[in-house]
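Below: one structure, written as structure tokens.
Take a look at the structure:
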């Protein structure tokens, strides 16, 4: 029986100086694109997003990648490569690299969410409240929680000193 993939790196921390390094990542599938011979997955965790490429050369992982959908939770093992210049995405910090997925575990399947897990989505507030656990995955909501925590810490620190 093969060993489960255990994360050793966060998605948003990969940079071009990690080229050639073997990494194990886990997170939510943000988007999945099947472009004929290759499957591209934007993998999201708390630190950011990185693109993972599945090649038919790795038959088993490619077959599994064909099954995944948005918001599935997966673990991927693969090597970091610099993207070709024409494929660089300067809008995100990890836009200069991609991971070639050599091994893949589907940790949790997910139904299609009632709204996209993105910041600029027009969704009725009652739907957001009903699916609060999904709404909290949005970057804006995460930033709000981090900000609230920092404010609370500053208040506690001030009160401790005075």
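Residue numbers (the working numbering): 3 to 164.
Every residue gets a Cβ at the ideal spot worked out from N, C-alpha and C, and that includes glycine.
Quick caveat: nothing in here was measured; it's all calculated off a predicted structure.
So residue 144 is in the beta strand (DSSP E); what residue range does that whole segment cover?
As a first step, residue 144 is located in the chain shown; it is residue number 142 there, counting from the start. Note, residue 144: premise wrong, no beta strand (DSSP E); alpha helix (DSSP H) at 141-163.
Problem - Option nearest residue 12 by Cα separation, candidates 161, 95, 67 and 115 - result: Looking up residue 12 in the chain shown gives position 10. Minimum Cα distance to residue 12 is reached at 95.
(message) Along the chain, where does the alpha helix (DSSP H) containing residue 67 start, and where does it finish?
(response) Counting from 1 along the chain shown, the entry for residue 67 is found at position 65. 61-67 is the extent of the alpha helix (DSSP H) around residue 67.
**Asked** By DSSP, does residue 6 sit in helix, in strand, or in coil?
**Response** For the purposes of this step, residue 6 is taken as the residue at position 4 of the chain shown. Of the three classes helix, strand and coil, the one that applies to residue 6 here is coil, per DSSP.
Practice task
Would you check if the distance between the CB atom of residue 110 and the CB atom of residue 54 is smaller than 7 Å?
Solution key: Here residue 110 refers to the residue found at position 108 of the chain shown. Here residue 54 refers to the residue found at position 52 of the chain shown. No, Cβ-Cβ distance for residue 110 and residue 54 is not below 7 Å.
DSSP bridge partner residues for residue 84 (one or two, in chain order): Your numbering for residue 84 matches position 82 in the chain shown. 99.
(Q) Between which residues of its own chain and residue 51 is the CB-CB distance below 8 Å, once the five residues before and five after are set aside? (A) Looking up residue 51 in the chain shown gives position 49. So the qualifying residues of the chain are 13, 14, 32, 44, 45, 94 and 96.
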